Amino acid sequence: MVTILSDQFSLVNSWINDLRNVDVQTDRMKFRRNMERIGEIAAFEISKGLEQKELEITTPLDKIKVREIAVQPVITTILRAGVPLFQGILNYFDKADCGFVAAYRKHDANDYFSIKQDYLTCPNIDGRPLIVADPMLATGASLIEALKDLLNHGKPTQLHIVAAIASKIGVETIQNAYPEAQIWVGAVDEKLTSKGYIIPGLGDAGDLSYGEKLQR
Numbered sequence: 001m002v003t004i005l006s007d008q009f010s011l012v013n014s015w016i017n018d019l020r021n022v023d024v025q026t027d028r029m030k031f032r033r034n035m036e037r038i039g040e041i042a043a044f045e046i047s048k049g050l051e052q053k054e055l056e057i058t059t060p061l062d063k064i065k066v067r068e069i070a071v072q073p074v075i076t077t078i079l080r081a082g083v084p085l086f087q088g089i090l091n092y093f094d095k096a097d098c099g100f101v102a103a104y105r106k107h108d109a110n111d112y113f114s115i116k117q118d119y120l121t122c123p124n125i126d127g128r129p130l131i132v133a134d135p136m137l138a139t140g141a142s143l144i145e146a147l148k149d150l151l152n153h154g155k156p157t158q159l160h161i162v163a164a165i166a167s168k169i170g171v172e173t174i175q176n177a178y179p180e181a182q183i184w185v186g187a188v189d190e191k192l193t194s195k196g197y198i199i200p201g202l203g204d205a206g207d208l209s210y211g212e213k214l215q216r
């Protein structure tokens, strides 16, 4: 199932417009914050479907039975571009455990790429909701590689993918590989270039968040 957040929340449209706009996106603090905001909205929506438990707490005046999330999720992201979106999700699930994947595109002389994954750290996800933040879901190749390794750490009860912008092809790729996944995306763009970049997209989310990298 795919939920396009900008179809439901007018504020998400404003944030995505600023992420895309070349006259605005160069403000790195604002760019990161807008990514965080999308993560926060996604986290709020995801929380509605998580299992709850009942417990009793004590206020200064009395005891009261309340409900809260029964099993805290595991939140993961692909470094470095995914960090602001990940942080937005973590802002709401502040008791969650976290995992990190270092995966990147390794470009050749013709600017085509393969996916390289050098590092992964993750808690046990068996029996827990798993949330994966990937700001730009383009081809889906790096996300699938990350998921293959993440799922070696257990079988989650739910799988949620959060992206700021996705390509239609990227969404279909994830749906075919992981039909159980719930995909939460700010906006879906129709096209990819021949080299796998989202059009119109927004550019390089990692560079816009943290500065242009030298490595290719």
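Take the sequence shown: its letter number 215 is residue 215 in full-length UniProt numbering, and every next letter is one higher.
Each residue gets a CB set at the ideal place from its N, CA and C atoms; glycine is no exception.
Small disclaimer: the values here were computed from a predicted structure and weren't measured.
Just to confirm the assignment, what range does the beta strand (DSSP E) spanning residue i have?
{"i": "residue 217", "result": "The chain is shown only over 1 to 216; residue 217 falls outside these bounds and no answer can be derived."}
{"i": "T58", "result": "Q52 to T58"}
{"i": "E68", "result": "K63 to I69"}
{"i": "A163", "result": "Q158 to S167"}
When DSSP builds the beta bridges, which residues end up paired with residue i?
{"i": "C122", "result": "DSSP output for C122 lists no bridge partner at all."}
{"i": "V2", "result": "I183"}
{"i": "K195", "result": "Paired residues: none, contrary to the question."}
{"i": "V171", "result": "DSSP, once it has assigned bridges, lists no residue as partnering V171."}
{"i": "V188", "result": "A166"}
{"i": "L137", "result": "A166"}
Kindly indicate the opening and closing residues of the alpha helix (DSSP H) around residue i.
{"i": "K30", "result": "R28 to S47"}
{"i": "F148", "result": "Reading off the sequence shown, one finds Lys at residue 148, where the question assumed Phe. Per DSSP, K148 belongs to the alpha helix (DSSP H) from A141 to L150."}
{"i": "V12", "result": "S10 to R20"}
{"i": "D207", "result": "A205 to Y210"}
Of all the options the options, which has the alpha carbon lying nearest to the alpha carbon of residue i?
{"i": "I78", "options": "R28, E40 and V162", "result": "V162"}
{"i": "D74", "options": "S142, D7 and L150", "result": "Looking at the sequence shown, residue 74 is not Asp but Val. The shortest Cα separation from V74 among S142, D7 and L150 belongs to L150."}
{"i": "N13", "options": "Y92, D118 and A187", "result": "A187"}
{"i": "G19", "options": "S10, K30 and I57", "result": "A small fix is needed here, since residue 19 is Leu in this sequence, not Gly. Among S10, K30 and I57, the Cα nearest to that of L19 belongs to K30."}
{"i": "N152", "options": "A133, C122 and S142", "result": "C122"}
{"i": "K53", "options": "A70, A138 and P60", "result": "A70"}
{"i": "K95", "options": "Q87, Y210 and L214", "result": "Q87"}
{"i": "T3", "options": "V171, R28, D118 and C98", "result": "V171"}
{"i": "I131", "options": "A138, I16, N17 and G82", "result": "G82"}
{"i": "G211", "options": "A133, R80 and A102", "result": "R80"}
Is residue i near the ligand SAH, with its Cβ less than 6 Å from a heavy atom?
{"i": "D126", "result": "In terms of ligand content, the structure shown is empty, and the ligand SAH therefore cannot be addressed."}
Q) Which full runs of the alpha helix (DSSP H) of 4+ residues lie inside the segment 72-101, going along the chain? A) 83-92
Q. Looking at C-beta atoms only, is the number of pairs between the segment 32-40 and the segment 54-66 that lie closer than 8 Å three or more?
A. no
Q) Any contact of the segment 151-170 with the segment 180-199, i.e. 3+ C-beta pairs under 8 Å? A) yes
Q.
Whether or not the segment 42-53 and the segment 20-34 are in contact is what I'm after, with contact meaning three or more pairs of Cβ atoms, one per stretch, closer than 8 Å; do they touch?
A. no
(Q) Tell me whether the segment 117-127 and the segment 141-159 touch, counting them as touching only if at least three CB pairs, one residue from each stretch, are closer than 8 Å. (A) yes
Q) Contact between the segment 173-193 and the segment 138-152: three or more CB pairs below 8 Å? A) yes
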